[in-house]
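J.: Residue numbers (our numbering), protein chains in the order written: chain C, 130 to 346; chain W, 112 to 317; chain U, 624 to 877. Glycine included, every Cβ here is placed at the ideal spot set by N, Cα and C.
#1: Verify whether the separation of the beta carbon atoms of residue 179 (chain W) and residue 123 (chain W) is less than 9 Å.
#2: If you count every other CB in all the chains shown that lies within 10 Å of the CB of residue 309 (chain W), and 16 or more means buried, which is it?
#3: Helix, strand or coil for residue 294 (chain W) per DSSP?
#4: How is residue 242 (chain C) classed by DSSP in three states: helix, strand or coil?
#5: Determine the DSSP secondary structure at residue 779 (chain U), reduced to helix, strand or coil.
#6: So residue 224 (chain W) contacts chain U; which residues on that side make the cut at Cβ distance below 7 Å?
#7: What three-state label does DSSP hand residue 131 (chain W) in the structure shown?
#8: Is DSSP giving residue 223 (chain C) helix, strand or coil here?
#9: For a contact defined as C-beta to C-beta under 9 Å, what are the partners of residue 238 (chain W) on chain U?
#10: Are the region 263–277 of chain C and the region 203–217 of chain C in contact at 8 Å, needing three or more beta carbon pairs?
#11: If you drop the 5 nearest sequence neighbours on each side, which residues of the same chain put their C-beta closer than 7 Å to that of residue 700 (chain U)?
#12: Return helix, strand or coil for residue 303 (chain W), following the three-state DSSP convention.
#13: Can you tell me where the alpha helix (DSSP H) holding residue 178 (chain W) begins and where it ends?
#14: Quick one: grab the DSSP three-state call for residue 764 (chain U).
#15: Suppose you measure from the CA of residue 803 (chain U) to the CA of residue 711 (chain U); what does that come to, to the nearest Å?
#16: At 3 residues or longer, and completely inside the region 260–291 of chain C: list those beta strand (DSSP E) runs for me, N to C.
#17: Leaving aside the five residues before and after residue 232 (chain C) along the sequence, list all residues of the same chain whose C-beta is less than 7 Å from its C-beta, in chain order.
#18: Considering just the uninterrupted stretch of the alpha helix (DSSP H) at residue 755 (chain U), what are its terminal residues?
#19: Where do the ends of the beta strand (DSSP E) carrying residue 706 (chain U) lie?
#20: Should residue 718 (chain U) be flagged as near chain W, meaning a C-beta pair shorter than 9 Å?
#21: Would a check of beta-carbon distances place residue 217 (chain C) closer than 9 Å to chain W?
#22: Does the distance from the C-beta atom of residue 304 (chain C) to that of residue 318 (chain C) stay below 9 Å?
#23: Closer than 9 Å between beta carbons: that is the criterion. Which residues of the region 205–231 of chain C meet it against chain W?
#24: Check the Cβ-Cβ distances between residue 193 (chain W) and every residue of chain C, and say whether any is below 9 Å.
#25: Alpha carbons only, please: which of U:688, U:860, U:649, U:862 is nearest the one belonging to residue 668 (chain U)?
#26: Against residue 774 (chain U), what residues of chain C qualify as contacts under a CB-to-CB distance less than 8 Å, listed in chain order?
#27: Establish whether the CB of residue 707 (chain U) and some CB of chain W are separated by less than 9 Å.
#28: Can you tell me whether DSSP reads residue 311 (chain C) as helix, strand or coil?
#29: Tell me where the alpha helix (DSSP H) around residue 308 (chain W) begins and ends.
#30: Just grab the DSSP bridge partners of residue 143 (chain W) for me.
#31: For residue 860 (chain U), count the other beta carbons within 10 Å of its own beta carbon; 16 or more makes it buried, fewer makes it exposed. Which is it?
#32: Quick check on DSSP: helix, strand or coil for residue 236 (chain W)?
#33: How would you label residue 278 (chain W), buried or exposed, when you count the other beta carbons within 10 angstroms and need 16 or more for buried?
#34: Tell me, which residues are paired with residue 189 (chain W) by DSSP?
#35: Along chain U, which residues have their Cβ under 8 Å away from the Cβ of residue 160 (chain C)?
#36: Quick check: is the beta carbon of residue 270 (chain W) nearer than 9 Å to any beta carbon in chain C?
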């Protein structure tokens, strides 16, 4: 078990040490969200109505941007190959990397959410539901993203292909995530999103590990 | 290659192994068994498939036919030019990470760094190291977690004369402790004990 | 026929040599710190006890004494960075990229403070913490530019190469800022015919102007002090860095 935590600690250290990308992803999240009013106008009621959708799109794009870093560096320097003979099975290693990736991408985005909420004139209950939705939905995004990253790790330009693969698969996450903020459909969407996230979180390490094994062969 | 029958099963054996890369058959019908203390040297021109054979033995590249047998309890270390070390982590952090991931008994971090001669660099970011120093750090990785099998791909590359002597000494010690190694190399390694050494030449035809 | 000769060091370049800078800037720290404290003491005394309430905003007007200096510095620091970027590109001066790197987080902080105090001010005036007002919006974009530059500094391993590339980005940003300002104003008037925030700079009554100018001086001194300190730290950090490289070179003891 220490190997599992050591792996997570190392991923966090690499992400937040100088040269890491955690800061960049948060910036990207805020910028995408902040640029929408320039396109649709700063009309408050309109922004308020669209805010959950804007926030989800921004978070989604930020997560896609960070996808490539999940396995790419470890593949390039051979760490992924060496991890095949670690005391942990590859599935556990992938799970640790997914958890670390969620901590590095989703948590900072969640922490930055109030800033975007202020810019988009979101109100208390709406903000709370959106934050809750992102808390529940981001594990599914990370899981799907992990599969996409693993599938494309052997490709030189996989960084561009992975988002294309993942985008359609992640549509349900966005539908239910935004749906949670809607008072009419909130409860059903919440339950569905939780179920989706759980299933994806459980299955994705196996799928991603399988893909990593296959791309080494 | 080593046919001397021993009481216990060999650490690793390969039977009738062939590997294809794309359209090309790299090698076929390779077989050997490796007992404690053995060293198998892989020779052959570039592109003959030495590195691929090592990866096949490690279970990373799939063989087209034949089998590699290794007991689950027999762990292995892989050393290639891809060192799996992060430039932004210190030497000690990198080594501690691999020690945690590979587990098992072995030398302490400081002792291992001392042994490979880079103890004074422990606190330095790994990106500052020369390629020879990086290779020494990779060797330290083999020492902090004991694994009976070493698969080494051109281990003496980038090492200076002192480094090569160190490498030979480490392999000798490993064999004395009951370990074995498969080494792909162009270079004659300064191994003290020639018994138990065998050579496999790949890619006979040009 | 041309002869190539090393440029003779003039007084400026010898003053700005990193080693010399470390030597003489040491004597600058304490006087600058004392001046800063003094200016803040006077400015805050004015701001809290010796300036009138606004007939509309009441006590809230005092936020202005913090807000306006920060807003001024958000642009002043960028000007400093643009100037040092110029120094990096034209004279290839090592101190210039140290100055750029040192200033970026300071600029971002002052800009963030300007936005923060602005929204504190906005709450009673507009009834909301954030309004897509022209000035606030361009300040936000400026903050994003600062953060992008900081991220770029962090992304580079080789700080010397980073210096020149970031200098280019800084200058592109400097050229772009007026365009951003103009476009945001245009966008703003398109959507909101009357700006909530009318310009009242120089027509301000003297009892408000004196404390404001004092506070602006105090904040500018604070920036200069922090800038000198950060530059010193950065130079020392680079020295430690090159010592690490040397250590690695001599490190193998076998």
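T.: Working from what's here:
#1: yes
#2: exposed
#3: strand
#4: helix
#5: coil
#6: None at all; the shortest Cβ gap to chain U is about 11 Å.
#7: strand
#8: helix
#9: 780
#10: no
#11: 726, 729, 730, 733, 846
#12: coil
#13: That residue, residue 178 (chain W), is in no alpha helix (DSSP H); its beta strand (DSSP E) goes 176–181.
#14: helix
#15: 25 Å
#16: none
#17: 141
#18: Run containing residue 755 (chain U): none; DSSP gives neither H nor E here.
#19: No beta strand (DSSP E) contains residue 706 (chain U), which is instead part of the alpha helix (DSSP H) from 687–709.
#20: no
#21: yes
#22: yes
#23: 205, 206, 207, 208, 209, 210, 211, 212, 213, 214, 215, 216, 217, 222
#24: yes
#25: U:688
#26: 152, 153, 156
#27: no
#28: coil
#29: First-last for residue 308 (chain W): 308–312, but that is the beta strand (DSSP E), not the alpha helix (DSSP H).
#30: W:125
#31: exposed
#32: strand
#33: buried
#34: W:262
#35: 767
#36: no
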